[in-house]
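Those protein sequence lines, which keep their order, are chains H, Z and F. First residue of the first sequence? That's 1 in this note's numbering, and the numbers climb one at a time after it. First residue of the second sequence? That's 1001 in this note's numbering, and the numbers climb one at a time after it. First residue of the third sequence? That's 2001 in this note's numbering, and the numbers climb one at a time after it.
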Amino acid sequence: MTASLLITAAQIAEYIGTVAFAVSGAMCAIDRELDLFGVLLLGIITATGGGMLRDVILGATPPAAFIDPVYVLTAAIVSLLVFLVAYIRPERYSRTHETVDRRIDIFDAIGLGIFAVTGAEAAMAAGHGDNLFLCVFMGMNTAVGGGILRDILSMRVPMVLVKHVYALAAIIGALAFCLLVRCLPPALAMFLAAGVTFVIRRLAVRFNWNLPKVRQIQNGK
Amino acid sequence: MTASLLITAAQIAEYIGTVAFAVSGAMCAIDRELDLFGVLLLGIITATGGGMLRDVILGATPPAAFIDPVYVLTAAIVSLLVFLVAYIRPERYSRTHETVDRRIDIFDAIGLGIFAVTGAEAAMAAGHGDNLFLCVFMGMNTAVGGGILRDILSMRVPMVLVKHVYALAAIIGALAFCLLVRCLPPALAMFLAAGVTFVIRRLAVRFNWNLPKVRQIQNGK
Amino acid sequence: MTASLLITAAQIAEYIGTVAFAVSGAMCAIDRELDLFGVLLLGIITATGGGMLRDVILGATPPAAFIDPVYVLTAAIVSLLVFLVAYIRPERYSRTHETVDRRIDIFDAIGLGIFAVTGAEAAMAAGHGDNLFLCVFMGMNTAVGGGILRDILSMRVPMVLVKHVYALAAIIGALAFCLLVRCLPPALAMFLAAGVTFVIRRLAVRFNWNLPKVRQIQNGK
């Protein structure tokens, strides 16, 4: 019973994550002036990319997004809605470019938190629960995978490489889930761990947490 | 017997698709001023990328292009021929840049049609024939996969996101195949369905079919 | 016993290749002005990307880099050391931009040679030893995979497409290993074959070996 509850919680989480990443992908596509179908496609790829990567890496082929149309359909409908809002009221959709960027960031952070958790959970469900490293690393990869695809296809440097505390937030969330699920009901552990990633990521953006960089010596380039 | 005929038809189709995508990849590489080996490599990656993606997603590892050298060899020879034509007669090869672009588009459309069909067929052959969504989605992914790799490696926004009715043509062709194969001989269904994708894609280019876009409010960026 | 020796030699080789690619990835990230975490991440992706691709293509899921933390940890520590050197003494790290590029090239060539060999060896170990094409192609893909990911994520045209005799050096090294391992102890065959790739690649850079290119007719673009 616990197992079936866990699966249900994981599925609900995945739907929410799919919606969040579809919004971020669709907004990104609108930003790049893609047409309606480009918006749908980038929304779908962003929303399902991380999960596909996760399933291929775990050897669970074909990936869930291929077997069950619900993920692709959800992502398509959500992307369509985002497009319609932006199409009908372009002034309200993007008062300033900063507003759009901030909203992409927020939805991205929701997806990041949820997929970090579902990635770790999928690794456990596949029988790798005793390998903490694998579960956490799987969580991180699932969380950042969709966004990397979105950014590469949009021809921009992937968020994961330039944004403050991005992959790190996913790692901490996946780790939190792996520890919390040992003593809490799975659905609660999921919710809390996804929240940890979301909060860390938002705090990093809000307070502009910076990691050190190498000072560039200008010569040539 | 029907099964073996289907496999044969699928293989022949795949050779044609391999040739078409190799031409488009090689032309793309020449366009980016890559040297002979870069041209061969981009031709091979474009021609085999979609099929590799398809096999990995279906769990048919190692992918056919790894087991049977014929795909890589075909793509290499075709790319070499394209290079020789362009090298010996650069004036004739590219009278105008538009000519090159149009030819890349035509070969790309042939590959698109064929891989949409072979992708759907491979999903059926792998026992997923009762899942129409999976077969069609698989067809689309196989069709656009090689071109996405080609475009990302050439550092340009993938055709699939910016060209009119590109992925949509692949979806319609894959769907047509899934329906036609129920009442027609497989080879005929393949030919017709690949033709559907090709014709839709060419019509979209010819008549410049447009999907709506969001009007950009200029501010900042 | 020979088998266990081979595995050991392959593992040692993979550690060395991991270190070399981590250095090249970290230097690349510093060059792109990424922060500490971006440097760690690009180092890890470059170092483990080729091996992950190899394992997914061979169907050996989850890939070794997911099961055994040693690869990710090694890559992370190496990337951290590169970052510290560059951070503490930026003047010494990059006297000129050419110095940095040359060092990235050297470490990349070491990784290229080693992963060409371990890729071919993994294909043999997976029971494909009688398919020479598969082993060599697998070697090439493993060797260039990490670098392609590094370059795409850094938003630059992949080295494999523009550098002289890059993939070709990997192909020759993988082929050399497949032939040498039939008559020499595996560890020695590995060492020699990886050396072949490294030497060819360095000679190509040193003497600026060029392959023909198509002369571009200027019009429009």
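Every residue, glycine too, gets a C-beta built ideally from N, C-alpha and C.
Mind checking whether residue i and residue j have CB atoms under 8 Å apart?
i                 : j                 : result
Gly2050 (chain F) : Gly2146 (chain F) : yes
Ser24 (chain H)   : Phe137 (chain H)  : no
Thr8 (chain H)    : Thr74 (chain H)   : no
Val2162 (chain F) : Leu1041 (chain Z) : no
Leu149 (chain H)  : Ile45 (chain H)   : yes
Ala1194 (chain Z) : Ala1116 (chain Z) : yes
Ala2189 (chain F) : Leu2180 (chain F) : yes
Ile2104 (chain F) : Cys2178 (chain F) : no
Asn2131 (chain F) : Ile1067 (chain Z) : yes
Ile2152 (chain F) : Val1056 (chain Z) : no
Val1239 (chain Z) : Arg1201 (chain Z) : Residue 1239 (chain Z) is absent from the structure shown; chain Z starts at 1001 and stops at 1221.
Pro2170 (chain F) : Cys2135 (chain F) : Looking at the sequence itself, residue 2170 (chain F) is Ala, so the reference to Pro does not match. Contact: no.
Val1144 (chain Z) : Ala1167 (chain Z) : yes
Ala2026 (chain F) : Ser2094 (chain F) : no
Ile2114 (chain F) : Ala2022 (chain F) : no
Phe191 (chain H)  : Ala109 (chain H)  : no
Val1214 (chain Z) : Ile30 (chain H)   : yes
Ala1020 (chain Z) : Thr1048 (chain Z) : no
Pro1212 (chain Z) : Leu36 (chain H)   : yes
Pro69 (chain H)   : Met52 (chain H)   : no
Thr1118 (chain Z) : Ala1010 (chain Z) : yes
Met2222 (chain F) : Val157 (chain H)  : Residue 2222 (chain F) lies beyond the range of chain F shown here (2001 to 2221); nothing can be said about it.
Return no unless some Cβ of chain Z is closer than 8 Å to the Cβ of residue i.
i                 : result
Ala2125 (chain F) : no
Phe2137 (chain F) : yes
Arg2202 (chain F) : no
Phe83 (chain H)   : yes
Ile2012 (chain F) : no
Here's the rule I'm using: 16 or more other beta-carbon atoms within 10 Å means buried, otherwise exposed. How should residue i be labelled?
i                 : result
Tyr15 (chain H)   : exposed
Gly1139 (chain Z) : buried
Arg1054 (chain Z) : buried
Asp121 (chain H)  : What sits at residue 121 (chain H) in the sequence shown is Glu, not Asp. Buried is the call here.
Ile1224 (chain Z) : One cannot answer for residue 1224 (chain Z) here, as it falls past the ends of chain Z, which runs 1001 to 1221.
Asn2141 (chain F) : buried
Gly127 (chain H)  : exposed
Compare the C-beta of residue i with all C-beta atoms of chain H and state if any pair is closer than 8 Å.
i                 : result
Ile2067 (chain F) : yes
Gly1059 (chain Z) : yes
Phe2115 (chain F) : no
Phe1133 (chain Z) : yes
Val1070 (chain Z) : no
Val2196 (chain F) : no
Val2056 (chain F) : yes
Ala2075 (chain F) : no
Val1205 (chain Z) : no
Asn1208 (chain Z) : no
Using a Cβ-Cβ distance cut-off of 8 Å, determine whether residue i contacts chain F.
i                 : result
Met1155 (chain Z) : yes
Val1107 (chain Z) : This sequence places Phe at residue 1107 (chain Z); Val is not what is there. For Phe1107 (chain Z), the answer is no, since every Cβ of chain F falls outside 8 Å of its Cβ.
Ala1064 (chain Z) : no
Val214 (chain H)  : yes
Leu211 (chain H)  : yes
Inset, instruction - Would you list, in sequence order, the uninterrupted alpha helix (DSSP H) runs of no fewer than 4 residues that lie entirely inside the region 2106-2162 of chain F? - result: 2132-2153, 2159-2162
Inset, instruction - Could you please tell me which residues of the region 1016-1050 of chain Z, in chain order, have their CB closer than 7 Å to any CB of chain F? - result: Ile1030, Glu1033, Leu1034, Asp1035, Leu1036, Phe1037, Gly1038, Leu1041, Leu1042
Inset, instruction - Counting only runs of 4+ residues fully inside the region 42-72 of chain H, write out the alpha helix (DSSP H) ranges in chain order. - result: Fully enclosed alpha helix (DSSP H) runs of 4 or longer: 64-67.
Legend entry - Uninterrupted alpha helix (DSSP H) stretches inside the region 176-207 of chain H (no shorter than 4 residues): 186-206
Inset, instruction - Taking a Cβ distance cut-off of 7 Å, strictly less, list which residues of the region 147-171 of chain H are near chain Z, in chain order. - result: Listed by position, the residues of the region 147-171 of chain H near chain Z (Cβ gap below 7 Å) are Ile152, Leu153, Met155.
Inset, instruction - Check distances from the C-beta atoms of the region 1085-1096 of chain Z to those of chain F and list, in chain order, the residues that come in under 7 Å. - result: Along the region 1085-1096 of chain Z, the positions whose C-beta sits under 7 Å from a C-beta of chain F are Ala1086, Tyr1087, Pro1090, Glu1091, Ser1094, Thr1096, read in chain order.
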